[in-house]
Structures are given as C-alpha cells and as structure tokens.
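Q:
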Amino acid sequence: MAGPRFPYQDLQEFLAALEQAGELHRVTAPVDPTLEISEIVTRTVRAKGPALLFEKPTRGQMPVAINLFGTEKRMAIALGVKSVDEIGTRIGDLIKPELPVGFSGMMDGLGKVMQLKSLPPKKVKTAPCQEVVLKGADVDLNLLPGLMTWPGDGGIFHNYGLTHTKHPETGKRNLGLYRLQQHSHNTLGMHWQIHKDSTAHHAVAERLGQRLPVAIAFGADPVVSYAASAPLPGDIDEYLFAGFLRGERVEMVDCVTVPLQVPAHAQVILEGYVEPGERHPEGPFGDHTGFYTPVEPFPVLHVECITMRRAPIYHSIVTSKPPQEDGPLGHATERIFLPLIKLLVPDIIDMHMPEPGVFHNCLIVSIRKRYPKHAQKVMNAVWGAHLLSLTKLIVIVDDDCDPQDLHEVAFRAFGNVDYSRDLLLTEGPVDHLDHASYQQFWGGKAGVDATRKLPTEGYHRGWPEEMTMSPDVVSKVDKRWKEYGFK
24 MAGPRFPYQD LQEFLAALEQ AGELHRVTAP VDPTLEISEI VTRTVRAKGP
74 ALLFEKPTRG QMPVAINLFG TEKRMAIALG VKSVDEIGTR IGDLIKPELP
124 VGFSGMMDGL GKVMQLKSLP PKKVKTAPCQ EVVLKGADVD LNLLPGLMTW
174 PGDGGIFHNY GLTHTKHPET GKRNLGLYRL QQHSHNTLGM HWQIHKDSTA
224 HHAVAERLGQ RLPVAIAFGA DPVVSYAASA PLPGDIDEYL FAGFLRGERV
274 EMVDCVTVPL QVPAHAQVIL EGYVEPGERH PEGPFGDHTG FYTPVEPFPV
324 LHVECITMRR APIYHSIVTS KPPQEDGPLG HATERIFLPL IKLLVPDIID
374 MHMPEPGVFH NCLIVSIRKR YPKHAQKVMN AVWGAHLLSL TKLIVIVDDD
424 CDPQDLHEVA FRAFGNVDYS RDLLLTEGPV DHLDHASYQQ FWGGKAGVDA
474 TRKLPTEGYH RGWPEEMTMS PDVVSKVDKR WKEYGFK
C-alpha cells in the first residue's frame with residue numbers, strides 16, 4: 024500500500040499551503056518586472072515578510088511567485104518538515120551508529136546513504152507541464168515575466184530556471200540552477216560557471232562537435248526547486264535526492280523535442296540546444312555578492328519549444344547583497360548536508376556559513392581539539408571537500424562554542440588568536456563570481472585558529488580559565504527573578 028503523499032505535488036499546492044499559514048501576500052495591482060518587483064521584494068525580505076504573488080505583472084502573461092523561501096519557517100514548510108534540521112537528522116541516522124572513521128568506514132557510510140536509490144524518479148506518459156505546446160514561430164520568451172532586478176543589469180534575466188543537461192558520453196543527468204539572460208525572443212545566455220557540472224557537459228559536447236540538448240523548468244514543486252540549488256557530488260542524481268527529501272518518487276516526463284526528462288508538474292518548460300563554439304556577451308548582473316558581475320562570453324541556448332500548463336505561474340528570485348531570499352536556502356543546505364560533510368571530515372562537530380559570507384566567503388567550524396595543529400588539519404580538509412574548496416575564510420573554534428552564535432565566534436576570533444602563529448594563509452580555487460581575487464578563479468585564502476592553544480603548539484603560558492558564573496548562583500537567581508522585581 025502506498026504511503027501518504029508529500030504535501031505538495033506542485034507549485035499551486037505549495038502556494039495554497041503558504042496562504043493557509045498566513046505566509047503569502049497577493050499583489051493585485053499591476054507591477055513592473057523592471058526594477059519595481061525587485062524593490063518590493065527586497066523590502067519584504069528585509070522585513071522578514073511573506074511570500075509574494077504578483078498577479079498582474081506588466082510584462083509577460085503569467086503571475087510571478089517570489090520570496091517563497093525567504094524565511095527559515097517557509098523553507099521548512101517547503102520541505103515538509105517543522106525544521107530543516109530534521110532532514111540532517113534523517114541523513115545522520117543512515118550513517119549511524121557512529122560517524123565512520125577511515126576509508127572503509129566512509130565507504131560503509133556512503134553505502135547506507137545510497138539507500139536513496141530506493142526513490143528514483145518515476146516516468147509518466149502525460150504531464151501538466153505539457154498541456155500547451157508552442158513550437159517554431161510561436162516560441163516567444165516574452166510570454167515569461169522575466170525580471171530586470173537592478174539598474175545596471177544587462178537586460179531581462181530569468182533567475183530560477185532549473186536547467187537539465189546530460190553528459191554526452193555517459194548519459195549522466197545534471198540539474199542545476201543558473202541565471203539566464205534573455206537575448207531575444209528565442210535565445211538565452213547560459214551562465215555556466217567554471218566549477219559547475221553543466222559546464223563539464225558542454226565542454227564534452229564541444230570537444231565532440233555536438234549540440235548539447237538543454238531543458239529548463241520553471242515553477243517545479245518546492246523540493247525539486249531546492250534540490251536544483253543543492254551542492255551535490257556529480258555522481259548523485261538531484262532527482263534521487265529530491266525523492267529522498269519528499270519520501271516519494273518525483274514524476275518526470277520526456278521532453279517533446281529534446282532527449283531529456285523534466286518534472287511533470289512544473290509550470291513552464293523551455294527546450295532547445297546549445298551550439299558548439301557559440302558564445303554571446305552575458306551580463307552585467309547584480310548578483311548575491313552585492314556587486315555587478317562583469318560582461319563575459321557564455322554559451323547561447325536556442326529555444327525551439329515551450330511547453331506549459333494552461334494557467335502557469337512563473338517562479339523567480341531576487342539576488343543582491345544579504346539579507347535576501349537565498350539566505351534561508353543556504354542555511355537549509357548547511358543543516359541538511361552537515362552529516363555528509365562530517366563523513367568527509369569527521370573532526371567537525373558543527374559548522375555555519377554566515378549569510379554575510381554569501382556562501383563561499385566564510386565558514387565557521389567547531390572541533391573537539393585533540394592534538395597540536397588539529398585546527399589547521401581541519402582547515403586543509405575543508406579546502407579539499409567538494410565545493411567547500413571555494414571557501415575563502417575558515418574560522419575554527421572549540422566545541423563549547425556554537426558556530427551559529429556569531430557574537431561568541433567573533434569574541435573568540437578577536438581574542439583567542441595570535442595572528443603571527445594562528446593564521447594559515449594559502450591559495451586555491453575561488454568562486455567564479457569572486458571579485459576580490461587579483462585574477463579570476465583562484466586567489467588567497469585564510470584559516471583562523473581561534474581554539475585554546477596547547478603547550479605542544481608552543482604556548483607555555485598556561486591558557487587562562489574563562490569566567491563563568493557558578494551554577495548554584497544561576498539557579499538561585501532564576502528562582503528569585505520575579506522577587507527582584509523583574510518580569
């Protein structure tokens with residue numbers, strides 16, 4: 024007998040759930056997708072306001088849903104849990120009784136995690152995303168209310184398109200989230216950054232002199248939309264991961280004109296090809312770094328078919344200097360992937376990617392220090408762990424410090440560090456969008472050891488005892504708090 028269905032099969036059901044929870048605001052007045060929507064969304068995010076549904080954008084022929092993941096509460100609703108930590112706990116349970124140590128233990132743990140294979144995507148023959156099919160002269164990207172979010176942007180961008188490609192030789196699928204600049208009524212710029220899997224697929228296709236088929240989905244269910252942003256290793260299918268998150272298989276359908284599959288319950292699908300060797304200037308674009316990324320040549324997608332629902336909803340996101348909607352997305356990734364990061368680096372107790380660090384700029388890690396230079400060992404391990412390799416600053420604290428408590432982390436980083444001895448400087452890969460590195464794609468990195476120092480590390484003064492109040496006094500004051508006249 025089939026188990027209970029995940030709460031939302033599609034975007035419409037998710038929006039209904041948000042509205043019922045008081046987490047959706049409908050904007051019924053006409054609003055311009057050029058700058059005006061961006062300003063409204065930015066104000067709403069910074070006020071920790073609701074998701075927004077712009078029912079009458081002045082460009083395009085469908086409503087715009089945005090800020091769907093803008094708070095931790097909505098992020099949890101999207102994933103069908105009370106807290107995103109529940110998912111990390113589920114993953115952690117797969118690799119118990121203890122986190123594996125050594126290569127054999129890691130392989131055992133990975134074997135348990137790959138129980139995810141019990142929930143592969145399910146192919147269906149018909150799908151809501153193909154209720155309307157447009158080909159040839161009927162293809163028009165202006166049907167979509169794409170956004171111009173900042174005054175210096177190079178034009179209209181589609182910011183939450185779920186991009187599907189396959190490796191031309193292995194057939195391995197990739198689902199990624201990349202910005203898409205609209206060049207014309209039927210062409211898009213593909214912002215495929217150097218470290219991304221779709222970039223590798225495109226490179227192989229160019230080497231073979233082949234077109235690369237591409238399909239882009241807008242408005243998938245919230246779990247699939249999140250999975251597209253997740254930093255999964257290249258050998259793990261994002262739809263397998265989405266099935267794990269949902270607790271049920273994701274329904275997918277064959278595209279009409281390209282040999283790819285897409286989520287059956289999405290709102291809009293774009294189908295087309297990237298020609299080998301073709302590039303077009305893309306950008307500038309106001310990104311999550313808070314700065315405009317420069318114009319660079321990127322591949323071009325020729326859209327040959329659009330399929331959609333009869334009454335589709337367009338999903339997008341605004342990127343900018345934090346705080347912005349992608350902050351809760353990043354926090355969810357941090358909590359969900361913590362157990363798997365601990366598979367790679369078992370020394371880690373907890374970690375935090377502070378939102379002002381915009382994902383790659385800073386990582387705070389707590390460890391249970393056991394030997395000299397343990398902190399530096401962890402720094403180097405983190406720089407060797409998948410996309411954590413792009414981290415520019417790592418701060419290591421002791422296990423009695425909560426990495427989420429930025430005040431306490433700063434207190435230790437400012438006061439527990441001799442920067443002539445406790446600072447590790449190195450070089451390595453940085454994010455494609457990093458503007459501070461003196462050359463693109465690689466630059467300087469720093470690790471700060473804010474742990475207590477050991478005599479075996481050359482510290483012979485005797486580390487001082489931190490001031491803490493005695494527990495009996497704390498308990499006494501707790502009991503008499505109201506007696507002192509405090510509420």
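If you read the sequence shown in the numbering used here, its first letter stands for residue 24, the second for the next number, and so on. Glycine residues also receive a C-beta, built at the ideal position from the N, C-alpha and C atoms.
1. List the endpoints of the continuous beta strand (DSSP E) containing residue 220.
2. Between residue 149 and residue 199, what straight-line distance do the alpha-carbon atoms span, to the nearest angstrom?
3. Helix, strand or coil, according to DSSP, for residue 403 in the structure here?
4. Looking only at its own chain, which residues have a Cβ that is under 7 Å from the Cβ of residue 49, when we skip the five neighbours before and after it?
5. Can you name the residues that DSSP bridges to residue 114?
6. Bridge partners for residue 418 per DSSP, in chain order?
7. What is the DSSP secondary structure of residue 65, reduced to helix, strand or coil?
8. Can you list, in chain order, the residues of its chain with a C-beta nearer than 6 Å to that of residue 84? Leave out the 5 residues immediately preceding and following it.
9. Per the contact definition of three or more C-beta pairs closer than 8 Å, is the region 289 to 302 in contact with the region 327 to 337?
10. If residue 338 sits next to residue 44, beta carbons under 8 Å apart, how far is it from one beta carbon to the other, in whole angstroms?
11. Applying the 10 Å Cβ sphere with the 16-neighbour rule, what's the burial state of residue 39?
12. According to DSSP, is residue 35 part of a helix, a strand, or is it coil?
13. Among all the DSSP beta bridges, which residues are the ones paired with residue 294?
14. So for residue 157, helix, strand or coil by DSSP?
15. Please list, in chain order, all residues of the same chain as residue 440 whose beta carbon is under 8 Å from its beta carbon, the five residues on each side excluded.
16. Have a look at 34, 56 and 54 and flag the residue whose alpha-carbon is nearest the alpha-carbon of residue 47.
17. CA-CA distance, residue 315 and residue 308?
18. Smallest Cα separation from residue 196: which of 209, 225, 175 and 183?
19. Output the boundary residues of the beta strand (DSSP E) element that contains residue 145.
20. Count the CB pairs spanning the region 429 to 438 and the region 396 to 412 that are closer than 8 Å, and state whether there are at least three.
21. Using only the alpha-carbon positions, how far apart do residue 497 and residue 490 sit?
22. Enumerate, from N- to C-terminal direction, the unbroken beta strand (DSSP E) stretches of 3 or more residues contained entirely within the region 244 to 328.
23. Assuming residue 450 and residue 396 form a contact by the criterion Cβ under 8 Å, report the distance between their Cβ atoms to the nearest whole angstrom.
24. Let me make sure I understand the geometry here. Which of 253, 390, 487 and 357 has the alpha-carbon closest to that of residue 424?
25. Go to residue 356, then tell me how far its beta strand (DSSP E) extends in each direction, as first and last residue.
26. Per DSSP, residue 465 forms a beta bridge with which residues?
27. Within a Cβ cutoff of 6 Å, which residues of the same chain sit near residue 240, ignoring the five residues on either side of it in sequence?
28. Could you tell me how far apart the beta carbons of residue 515 and residue 421 are, in whole angstroms, since I believe they sit closer than 8 Å?
29. According to the neighbour-count rule (16 or more other Cβ atoms, all chains shown, within 10 Å of its Cβ), is residue 67 buried or exposed?
30. Count the other CB atoms, across all protein chains shown, that sit within 10 Å of the CB of residue 509; report buried if there are 16 or more and exposed otherwise.
31. Would you mind giving the Cβ-Cβ distance between residue 454 and residue 383, rounded to the nearest angstrom? I have them listed as a contact below 8 Å.
32. Looking only at C-alpha atoms, which of 41, 210 and 368 sits nearest to residue 298?
33. Give the DSSP-derived three-state secondary structure of residue 505 in the structure shown.
34. Give the secondary structure of residue 180 by DSSP, where H, G and I count as helix, E and B as strand, and everything else as coil.
35. Tell me whether residue 335, by its Cβ, gets closer than 7 Å to a heavy atom of the ligand MN.
A: Reading off the structure:
1. Note, residue 220: premise wrong, no beta strand (DSSP E); alpha helix (DSSP H) at 220 to 231.
2. 24 Å
3. helix
4. 76 and 78
5. Bridge partners of residue 114: none, in fact.
6. 387 and 471
7. helix
8. 166
9. yes
10. Contact flag wrong, Cβ pair sits at about 18 Å.
11. Exposed is the call here.
12. helix
13. For residue 294, which the question treats as bridged, DSSP gives the partners 238 and 328.
14. strand
15. 446, 471, 472 and 473
16. 34
17. 5 Å
18. 225
19. 145 to 147
20. no
21. 14 Å
22. 274 to 277, 284 to 286, 291 to 297, 303 to 305 and 319 to 321
23. That belief does not hold up - the Cβ atoms of residue 450 and residue 396 are roughly 19 Å apart, past 8 Å.
24. 390
25. Counting along the chain, residue 356 falls outside any beta strand (DSSP E), though it belongs to the alpha helix (DSSP H) covering 349 to 367.
26. Residue 465 pairs with 452 and 462.
27. 185, 285, 286, 289 and 292
28. The chain is shown only over 24 to 510; residue 515 falls outside these bounds and no answer can be derived.
29. buried
30. By the 16-neighbour rule on beta-carbons within 10 angstroms, residue 509 is exposed.
31. 4 Å
32. 210
33. helix
34. strand
35. No copy of the ligand MN appears in this structure; indeed no ligand is present at all.
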